[in-house]
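Chemist: Residue numbers (full-length UniProt numbering): 1 to 259. Glycine included, each C-beta is placed from N, C-alpha and C at the ideal position. Take this structure, written in structure tokens, and hold onto it; I'll ask about it next.
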Amino acid sequence: MFLCWLWVGETESVTREKCRERFRLIGGDEEDQFELVDVRLQGSVRLDCHFCNEKDDRTPKIWYRQDVLRRQVVTEVQLDMEGDLQLNRVYVTPDHTLVVNNISLNDAGIYFCHGSLGEDAAFQYNYLLDVVNWTQVPLLGNLSAWRSYHNSALSRNVTVVTEWMPWGSCTSCNRAAGEMRRAGKCRVRQPQLIELSCGSMMLAQLFPAVSSITRTIPDFVQVEMCTGGCVQNVKTASVTNRTRVVKSQGSQLSFTCTG
1 MFLCWLWVGE TESVTREKCR ERFRLIGGDE EDQFELVDVR LQGSVRLDCH FCNEKDDRTP
61 KIWYRQDVLR RQVVTEVQLD MEGDLQLNRV YVTPDHTLVV NNISLNDAGI YFCHGSLGED
121 AAFQYNYLLD VVNWTQVPLL GNLSAWRSYH NSALSRNVTV VTEWMPWGSC TSCNRAAGEM
181 RRAGKCRVRQ PQLIELSCGS MMLAQLFPAV SSITRTIPDF VQVEMCTGGC VQNVKTASVT
241 NRTRVVKSQG SQLSFTCTG
């Protein structure tokens, strides 16, 4: 028997914040060249021009954008120029973080930043901003519930996969027992198109028949029991020489250990 129910106790932050991991391998697959950032219509997003948990080096940077199909030329992101940053819809902070407020479909596309002469281009601070407009409430359950969700919601005539986000910490705060969670984002793969969210407005515009199938599929939040106390604001030691590999469910992966 599978356990699965609607998750209504928590909601996503109004502003999405995204950065790229320094130790994540950038694969040759086209969809892995960009960090997919799905933002709700009229929401806000902050895109970092430096790696996660690192500080900006304070050298001049420029943000660029291109359409998702990459048929148009790359252009600089047009910034608003009000003296008070809070009055601008699109602006860059002193540490070169790009902020876009009140997002519309016109903001969707590929964004990346590097120095004015191409410095740091190899670091690939690349993002695919995907605007979504759906009201599907994420489903909540354990791994067995996800298998049921996968066999029903994801067994469609299109290629739909779950992209798992990192696990949250184990906590028993305000709970009867220890619990840990991770979000599973619904993604759709279409030939000649970079991987998009199931509720993508770009997908609805480019492939309406596919979107009519995928836009009703909710995301999934996996919840598992764990052993842990209610510990808050505790810093843990960082592991050096690590590499993060992100693969979708069902992909193949192999490791080689060299001496």
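Would you kindly check if the distance between the Cβ of Phe112 and the Cβ of Tyr91 is under 9 Å?
Modeler: no
Chemist: Using DSSP with H/G/I as helix, E/B as strand and the rest coil, what is Trp63?
Modeler: Of the three classes helix, strand and coil, the one that applies to Trp63 here is strand, per DSSP.
Chemist: Quick check on the burial criterion: 16 or more other C-beta atoms within 10 angstroms. Buried or exposed for Thr162?
Modeler: Around the beta carbon of Thr162, a 10 Å sphere encloses 16 or more other beta carbons of the protein chains shown; the residue is thus reported as buried.
Chemist: Measuring alpha carbon to alpha carbon, tell me which residue in Trp146, Pro191, Arg89 and Gln78 is nearest Val221.
Modeler: Trp146
Chemist: Looking at the unbroken alpha helix (DSSP H) that takes in Ala176, where does it start and where does it end?
Modeler: It is not in any alpha helix (DSSP H) - Ala176 carries neither H nor E in the DSSP assignment.
Chemist: Count the C-beta pairs between the stretch 194 to 204 and the stretch 130 to 144 that are closer than 8 Å, then say yes if the count reaches three, no if not.
Modeler: yes
Chemist: Which residues mark the beginning and the end of the beta strand (DSSP E) in which Leu193 is found?
Modeler: Leu193 to Ser197
Chemist: Let me confirm a value: Glu195 is counted as buried when at least 16 other C-beta atoms fall within 10 Å, else exposed. Which label applies?
Modeler: buried
Chemist: If you measure between the beta carbons of Val68 and Ile110, is that distance less than 9 Å?
Modeler: yes
Chemist: For Phe51, write down the residues that DSSP places opposite it in a beta bridge.
Modeler: Arg20
Chemist: What would DSSP say about Met201, mapped onto helix, strand or coil?
Modeler: helix
Chemist: For Asn102, which residues of its own chain have a beta-carbon under 7 Å away from its beta-carbon, when the five flanking residues on both sides are left out?
Modeler: Gln42 and Arg89
Chemist: Report the rounded CA-to-CA distance for Glu35 versus Gly178, giving the unit in angstroms.
Modeler: 31 Å
Chemist: Under the rule that 16 or more other beta-carbon atoms within 10 Å means buried, what is Gly168, buried or exposed?
Modeler: Gly168 is exposed by the Cβ-count criterion.
Chemist: From this set, Val39, Asp48, Ser116 and Leu193, which residue's C-alpha is nearest Arg20's C-alpha?
Modeler: Selection Val39, Asp48, Ser116 and Leu193 evaluated against Arg20 yields Asp48 as nearest (Cα-Cα).
Chemist: Is the separation between the beta-carbon of Val210 and that of Val137 shorter than 9 Å?
Modeler: no
Chemist: Does DSSP classify Ser169 as helix, strand or coil?
Modeler: coil
Chemist: Can you give me the C-alpha to C-alpha distance between Thr214 and Pro60, rounded to a whole angstrom?
Modeler: Straight-line measurement puts the Cα of Pro60 at about 41 Å from the Cα of Thr214.
Chemist: Give the list of continuous beta strand (DSSP E) stretches no shorter than 3 residues that lie fully inside the stretch 96 to 136.
Modeler: 98 to 100, 109 to 114 and 125 to 132
Chemist: Do Met180 and Cys230 count as a contact pair if the criterion is CB distance below 9 Å?
Modeler: no
Chemist: Helix, strand or coil for Thr75, going by three-state DSSP, please let me know.
Modeler: strand
Chemist: Near Cys173, what residues of its chain come up, given a Cβ to Cβ distance below 6 Å and the 5 sequence neighbours on each side ignored?
Modeler: Spatial neighbours of Cys173 in its own chain (CB-CB distance under 6 Å, excluding positions within 5 residues in sequence) are listed in chain order as Cys230.
Chemist: Gln222 by DSSP, collapsed to three states: which one?
Modeler: strand
Chemist: What residue from Val188, Gly141, Val73 and Thr171 has the CA that sits closest to Pro208's CA?
Modeler: Val188
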